[in-house]
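Report on the following structure.
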Amino acid sequence: YAPVVVVLDGPAGTGKSTVSREIAARLGLSFLDTGAMYRAMTYWLLSNGVDVDDADAVALASEKPVIVSGTDASGPTITVDGQDVSGPIRGPEVTAAVSAVSAVPEVRARLVELQRDSAAAASRGMVAEGRDMGTVVFPNADLKVFLTASAETRAKRRAAQLGISEPHQVAAILADINRRDAADSGRATAPLRKADDAVEVDTSELTPEQVVVRIIELARERA
Ligand code: C5P
Numbered sequence: 006y007a008p009v010v011v012v013l014d015g016p017a018g019t020g021k022s023t024v025s026r027e028i029a030a031r032l033g034l035s036f037l038d039t040g041a042m043y044r045a046m047t048y049w050l051l052s053n054g055v056d057v058d059d060a061d062a063v064a065l066a067s068e069k070p071v072i073v074s075g076t077d078a079s080g081p082t083i084t085v086d087g088q089d090v091s092g093p094i095r096g097p098e099v100t101a102a103v104s105a106v107s108a109v110p111e112v113r114a115r116l117v118e119l120q121r122d123s124a125a126a127a128s129r130g131m132v133a134e135g136r137d138m139g140t141v142v143f144p145n146a147d148l149k150v151f152l153t154a155s156a157e158t159r160a161k162r163r164a165a166q167l168g169i170s171e172p173h174q175v176a177a178i179l180a181d182i183n184r185r186d187a188a189d190s191g192r193a194t195a196p197l198r199k200a201d202d203a204v205e206v207d208t209s210e211l212t213p214e215q216v217v218v219r220i221i222e223l224a225r226e227r228a
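Numbering of the sequence shown is given in full-length UniProt numbering, commencing with residue 6 and proceeding in unit increments.
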């Protein structure tokens, strides 16, 4: 097999993680969750008292942590300086701060290098998901997919994941998703954007299984 690179980009709550993990498993490819890397960086900065709204301080400090993403029997893992942070990076403090951190060019330069190293080490190929996989990190990917879904659908999915059903809490999740999407789309460096050659898949009316099947079909057409 020639190594294949499949990339999935899109805003929060489109099902990117679930779907890309499953596609990687079925195609026997490695999986890279690049959002987890930005979250791990953010977690480390917060833990070390760095003011995440001070871009210069973030740029300077971002050279220090050793971030490693891997896979074990239970699925993808991420460590910072040897500590498994897979749980804490999903917490509200990290989610609130990650967009500011990921807008800093030095942070992106550093993590993009790690992402390309991962692809180079994946002998059969890789499925990578994030915001700028198709536009910046892997412009020559074999297949680029851009996932979308209505903001309401995305908020409901996120709420279900978190076990939340109270309407005012769902509304708060929706507001948070909209804030993060606006920040990710509006930043100067590597904004969230569909690559010109990406296939757009609207997942609003699809089950995760239907999305997986559709993308595997697209991947086979290109193999
Ligand atoms: O995908 P996830 O929601 O975990 O991503 C967390 C944040 O990391 C995003 O809101 C975005 O700010 C940042 N990110 C990024 N570029 C990527 C992946 C994630 O800027 N390739």
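Even for Gly, the Cβ is constructed at its ideal location relative to N, Cα and C.
- The ligand C5P approaches E134 closely enough that one of its heavy atoms is under 8 Å from the residue's Cβ.
- When C-alpha distances from S74 are compared across A160, R31, R136, M46, the shortest belongs to M46.
- Boundaries of the beta strand (DSSP E) around I83: 80-85.
- Per the coordinates, the alpha-carbon of P70 lies some 18 Å from the alpha-carbon of R95.
- K199 and A154 have their C-alpha atoms spaced approximately 14 Å apart.
- In this structure, K21 has its CB closer than 8 Å to one or more heavy atoms of the ligand C5P.
- Check the Cα spacing between T23 and each of E226, V216, P144, D59: the tightest is with V216.
- For G40, the enclosing alpha helix (DSSP H) covers residues 39-52.
- DSSP lists no bridge partner for L223.
- Under the three-state reduction of DSSP output, D207 falls in the strand class.
- Note on the stretch 131-162: whole beta strand (DSSP E) runs with a minimum of 3 residues are 148-153, in chain order.
- Not one heavy atom of the ligand C5P sits closer than 8 Å to the Cβ of R225.
- L148 places its beta carbon 9 Å or farther from that of E205.
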